[in-house]
Each structure stands twice: as structure tokens, then as C-alpha cells.
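A.B. asks:
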Amino acid sequence: MLRIQFQRERVDTGESFKYQAGQYVFVCVPEISLLEWHPFTISSSPTEVAVTFHIKVVGDWTQRLRKLTESADIGNRLPVDMLVEGPYGGVSIDIYRPQTYSHFVLLSEDIGVLPMRSVVTWLHHEQTSRNRDSIDRVHFVWSVHTQNELKTLLPNEISGKDTDSFFSAANPRQKSSFHDEITDAFTFDFYVEERSPDIDCPTDNYYVHYGCQPNYLQILRDIGTDAKQNPAHRVAVLLCTSNHSSTNIVSTCLTLSKTLQVSFDVHIENFEF
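Counting from 1, position 41 in the sequence shown corresponds to residue 41 in the numbering used here; the numbering is continuous, with no gaps.
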């Protein structure tokens with residue numbers, strides 16, 4: 001996994017790169033090819049000082065990009081120009097107006113965590129820094145196959161470094177579906193299909209469920225039941241999962257909407273690898 005960052009505000013002009021949580025851009029590295037533009041999700045939140053992409057190395061272009069980064073001789077800086085076009089896309093349900101939703105569920109699998117990370121960090125900033133008191137509950141769920149996938153995206157947390165945290169909204173020091181240290185509205189759960197942790201790579205900073213997959217029905221029912229206490233009676237459900245999981249989750253949302261009399265509004269993104 002490659003991580004590429006640039007400052008959101010240009011030093012020379014003061015111009016700021018503006019985008020919304022969950023959007024993507026097209027990236028071109030002329031040293032690799034002037035004709036190739038590839039879409040990548042922005043994994044940072046628009047409230048952060050740096051714009052960040054996490055790029056999975058899966059093809060020729062990303063392999064060549066990794067070689068370029070490995071040849072960097074000035075710290076971790078990429079010694080080539082990068083062109084960015086965008087942003088494009090965005091969340092298809094209205095998470096921006098405070099009166100629309102009080103309850104949010106963000107469900108992701110594997111690399112699908114990237115847009116969800118952007119959204120949850122933005123929501124956290126909205127509540128803690130912009131006094132968006134209408135956010136009652138946010139449940140973030142990330143499921144992966146192996147612990148190595150956690151290690152790839154959580155290197156600083158696992159190593160004990162506090163800077164540049166991948167989940168800046170989370171307080172990793174609390175256990176059992178840990179909550180944020182400022183507000184108890186945010187809950188994070190990570191699931192690893194591997195049955196036991198790697199003792200050489202402790203992830204104790206985060207509460208991880210090993211040897212199981214998330215029970216999406218229970219997660220959605222719990223937050224839907226809680227949302228019934230709010231006048232809006234609505235839950236924002238954001239997915240970036242496999243096609244199979246997305247189909248099952250949407251079906252579950254439709255069923256719960258009828259049984260709980262709560263509107264589950266779903267935004268879906270799918271990843272290809």
C-alpha cells in the first residue's frame with residue numbers, strides 16, 4: 001500500500017484544494033505516462049491539512065509508482081510531479097445538513113475503508129469542532145481478511161506512534177467497541193477473519209474481533225432502534241463493500257425499514273479489488 005500526500009493549501013499561491021468527504025480524483029504521474037489517468041479515492045477528510053491517497057499496488061502503473069517512491073532520496077517525498085484532476089463524485093445522501101440525520105452507520109470491507117475513513121473523520125470534526133450536536137450516534141465497521149491488512153493501513157497506531165493517525169476520530173486506548181475520547185457518539189469495530197492475532201504485531205491499541213465477520217443485521221437493528229427515539233426516524237447507511245455484502249445489507253435495510261418504521265437511506269460504493 002502506498003500513501004501519497006500533498007498539502008491542501010499551496011505554498012506559492014495560497015490556493016486551497018477543495019473537496020468533500022468521500023470524493024475521488026484522477027491522478028497522472030507524467031514520469032510514468034502522460035496519457036494514463038487513474039481514479040483514486042481521497043482517504044483524508046477535507047478538514048485535514050494534507051490531502052491523502054492510499055493506493056493499493058495491483059497493476060503495472062501502481063508497480064511503477066512504487067518503484068518511483070522507493071527511489072526517493074529526500075526523505076519520503078516523491079521526487080516527481082503528480083497531476084490531479086477533480087474532485088468528482090460524492091455521497092449520494094444528504095449527510096451535510098444537520099437536520100437530516102442523527103444516526104450514521106459506515107460499513108466497509110478491505111480497501112473500501114478509504115472513503116469511509118474520509119467521511120467518519122469529517123463527521124467527527126463536524127461534531128467536535130463545529131458543534132453539530134444533532135449527531136447522536138456514528139457506528140464505524142471495518143472488516144478485513146487478515147491482520148496484515150490492518151498493519152498496512154494502521155502502521156502508526158500499531159507501532160505506538162500518535163502522529164498522523166489513520167483514524168484520528170478514534171481513541172484507541174479503550175476496549176470493547178471503543179469510543180472516542182471527546183464524545184461517546186462514535187463507535188468503532190474492526191473484524192479480522194483470521195482466528196488469532198499475530199503476537200509479533202500487536203494491535204491491542206484497537207479493539208479487534210478475530211475469527212468472525214460483522215453481524216450487519218444486529219448492527220443495523222441496534223442503531224435503527226436507537227434512531228426511533230429521534231424525531232427524524234432516519235439512519236444514513238454508507239457502504240463500501242463487496243457486491244455480495246452490499247446486496248445483503250440493502251435487503252436488510254429494506255426489511256428493517258418496515259419492521260422498525262425507520263428510514264434506512266443507503267449510499268453504496270463498490271471496490272474492484
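Cβ atoms here follow ideal geometry from the backbone N, Cα and C, with glycine treated the same way.
1. For the alpha helix (DSSP H) that residue 132 lies in, which residues bound it at each end?
2. Which of helix, strand or coil does DSSP assign to residue 219?
3. Go through the stretch 9-46 residue by residue and report every complete run of the beta strand (DSSP E) that reaches 3 residues or more, in order.
4. Suppose you measure from the CA of residue 172 to the CA of residue 35; what does that come to, to the nearest Å?
5. Go through its chain and collect everything with a Cβ distance to residue 86's Cβ below 8 angstroms, but skip five positions before and after it.
6. On the DSSP bridge list, what partners appear for residue 240?
7. Taking all protein chains shown into account, do 16 or more other C-beta atoms lie within 10 angstroms of the C-beta of residue 54, making it buried, or fewer, making it exposed?
8. Could you tell me the alpha carbon to alpha carbon distance between residue 161 and residue 258, rounded to whole angstroms?
9. Given a cut-off of 8 angstroms, decide if residue 219 and residue 137 are closer than it, judged by their beta-carbon atoms.
10. Tell me the residue span of the beta strand (DSSP E) that contains residue 85.
11. Per DSSP, which residues does residue 3 bridge with? Please list them.
12. Residues bridged to residue 210 by DSSP?
C.D. replies: Quick answer:
1. Neither: residue 132 is in no alpha helix (DSSP H) and is coded neither H nor E.
2. DSSP places residue 219 in helix when its eight states are reduced to three.
3. Here the runs fully enclosed are 24-28 and 38-41.
4. Residue confidence for residue 172 is low, a pLDDT of 41 falling below 50, so the modelled location carries little weight and cannot support an answer.
5. Only 19, 23, 24, 25 and 26 meet the Cβ criterion.
6. Per DSSP, the beta-bridge partners of residue 240 are 108 and 269.
7. Buried, since its Cβ has 16 or more Cβ neighbours within 10 Å.
8. A caution first: residue 161 carries a pLDDT of 46, below 50, which makes its placement in the model unreliable, though a value can still be read off. Taking the straight line joining both Cα atoms gives about 46 angstroms.
9. The Cβ atoms of residue 137 and residue 219 lie no closer than 8 angstroms to each other.
10. Note, residue 85: beta strand (DSSP E), 83-88.
11. The secondary-structure analysis by DSSP pairs residue 3 across a beta bridge with 54.
12. In DSSP, residue 210 forms a bridge with 192.
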